[in-house]
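Asker: As numbered in UniProt numbering, residues 1 to 216 make up the sequence shown, in order. Glycine included, C-beta positions come from ideal geometry on N, C-alpha and C. Would you mind keeping the following structure in view while I ask a few things?
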Amino acid sequence: MKNFLIKFAWLFIVVVLIRPAYANVSLVVLGDSLSAGYGMSAKESWVGILQQRWQETHPSVTLINASISGDTTQGALNRLDGVLRSHAPDAVFIELGGNDGLRGFTPTTISSNLLQIINRLQDDSIKVAVSQIRIPPNYGRRYSDMFSAIFPEITEETDTLLIPFFMEQIATQPELMQNDGIHPNREAQEKIADIMEPHLLQLIGKLNNRTRERKN
């Protein structure tokens with residue numbers, strides 16, 4: 001009987017206290033090909049896998065994939081208002097900058113674009129997380145270091161959540177990469193979903209239970 005009461009009490013805590021923290025919220029993933037699922041269907045991407053998974057585990061969370069292959073920080077900034085009008089998210093995960101780095105854009109430009117995106121989101125009281133992004137070392141040590149430093153600097157300045165770059169656990173395993181050596185393959189998507197799930201739930205956990213008044 002004692003064990004039953006303990007189990008019942010724990011179940012009560014999980015259902016009543018923890019689950020409401022994730023109630024009736026929407027989370028947008030604003031990314032590039034690494035989140036869009038380059039070379040595969042949207043359902044096969046790691047975001048698509050989490051969408052399906054959360055229908056059972058967190059049914060009150062709406063996960064929206066607004067990622068576009070090839071997108072840059074400037075491109076995302078240009079389309080941001082449309083994304084907000086369409087989805088009115090409570091939280092946004094930003095996975096951007098890789099294409100900027102591969103094209104050799106200046107760190108100042110990348111940083112400025114990210115800052116404008118984050119400020120726009122925070123103006124609407126939207127919680128924000130930003131992925132650390134890294135580029136291959138063949139772009140030169142100086143540029144690579146300056147590029148990598150953008151993300152912790154920006155998140156510290158804006159008091160947003162910095163999330164480790166999921167590709168660091170994937171790119172070192174050739175069997176999880178497509179032939180281009182840049183994009184993760186279908187087999188990698190489940191692993192990325194597992195890596196990203198606790199971080200995104202941490203972001204959602206920063207939301208309070210009050211309904212945010214949305215702007216029309």
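(1) Less than 8 Å between the CB atoms is what I'm expecting for L30 and A76, so what's the real figure, rounded?
(2) CB V47 to CB G37, shorter than 9 Å?
(3) Please list the terminal residues of the continuous alpha helix (DSSP H) segment that includes I163.
(4) Tell me where the alpha helix (DSSP H) around L84 begins and ends.
(5) Check for me: the beta strand (DSSP E) holding N65 runs from which residue to which?
(6) Determine the direct distance from the alpha carbon of H199 to that of L27, and round the result to whole angstroms.
(7) Please name the residue in I182, T160, F147 whose C-alpha comes closest to that of I170.
(8) Sort R79, I110, S131 by Cα distance to F93 and report the nearest one.
(9) In chain order, what residues of the same chain lie with their CB nearer than 6 Å to the CB of I110, ignoring the 5 residues before and after it?
(10) Ordered along the chain, which non-local residues of its own chain (more than five positions away) have a Cβ less than 7 Å from that of E190?
(11) Where P137 and I192 are concerned, what is the direct C-alpha to C-alpha distance, given to the nearest angstrom?
(12) Quick check: the region 112-130 against the region 52-60, are at least 3 beta-carbon pairs closer than 8 Å?
(13) Would you call D81 buried or exposed, if buried means 16 or more other Cβ atoms sit within 10 Å of its Cβ?
(14) Following the continuous alpha helix (DSSP H) through L200, name the residue where it begins and the one where it ends.
(15) Out of curiosity, what's the CA-to-CA distance linking I204 and P107?
(16) Ends of the beta strand (DSSP E) at S131?
(17) Is S45 buried or exposed, if buried means 16 or more other CB atoms sit within 10 Å of its CB?
(18) Please report the residue range of the beta strand (DSSP E) in which I94 lies.
(19) Who are the Cβ neighbours of L102 in its own chain at under 7 Å, not counting the five residues just before and after it?
Answerer: By the coordinates alone:
(1) Along the sequence shown, one-based indexing puts residue 30 at 30. Along the sequence shown, one-based indexing puts residue 76 at 76. Right, the Cβ-Cβ distance comes to about 6 Å (below 8 Å), so this counts as a contact.
(2) The sequence position of residue 47 within the sequence shown is 47, counting from 1. The sequence position of residue 37 within the sequence shown is 37, counting from 1. Yes, they are a contact pair.
(3) Indexing the sequence shown from 1 puts residue 163 at position 163. Counting along the chain, I163 falls outside any alpha helix (DSSP H), though it belongs to the beta strand (DSSP E) covering 161-163.
(4) On the sequence shown, position 84 is the one that residue 84 refers to. Per DSSP, L84 belongs to the alpha helix (DSSP H) from 73-87.
(5) Your numbering for residue 65 matches position 65 in the sequence shown. Where N65 is concerned, the enclosing beta strand (DSSP E) stretches over 61-65.
(6) Taking the sequence shown and counting its residues from 1, the one referred to as residue 27 is at position 27. Taking the sequence shown and counting its residues from 1, the one referred to as residue 199 is at position 199. In a straight line, the C-alpha of L27 is about 12 Å away from that of H199.
(7) One-based indexing of the sequence shown puts residue 170 at position 170. Checking every option, the nearest Cα to that of I170 belongs to I182.
(8) In the sequence shown, counting from the first residue as 1, residue 93 sits at position 93. The option with the nearest alpha carbon to F93 is S131.
(9) For the purposes of this step, residue 110 is taken as residue 110 along the sequence shown, with counting starting at 1. T73, G97, D100, I150.
(10) The count along the sequence shown starts at 1 and reaches residue 190 at position 190. Counting only Cβ-Cβ distances below 7 Å, and skipping sequence neighbours, we find I49.
(11) Locating residue 137 in the sequence shown gives position 137, counting from the first residue. Locating residue 192 in the sequence shown gives position 192, counting from the first residue. Those two C-alpha atoms are separated by around 22 Å.
(12) no
(13) Numbered from its first residue, the sequence shown carries residue 81 at position 81. D81 is exposed by the Cβ-count criterion.
(14) Within the sequence shown, residue 200 is the residue found at index 200, counting from 1. L200 -> alpha helix (DSSP H) spans 186-205.
(15) Start at 1 with the first residue of the sequence shown, and residue 204 comes out as number 204. Start at 1 with the first residue of the sequence shown, and residue 107 comes out as number 107. Rounded to whole angstroms, I204 to P107 spans 29 Å at the Cα level.
(16) On the sequence shown, position 131 is the one that residue 131 refers to. Here the beta strand (DSSP E) through S131 covers 127-131.
(17) In the sequence shown, counting from the first residue as 1, residue 45 sits at position 45. Burial call: buried.
(18) Locating residue 94 in the sequence shown gives position 94, where the first residue counts as 1. Segment 91-95, the beta strand (DSSP E) holding I94.
(19) Taking the first residue of the sequence shown as 1, we reach residue 102 at position 102. Within the same chain, L102 has close Cβ partners I135.
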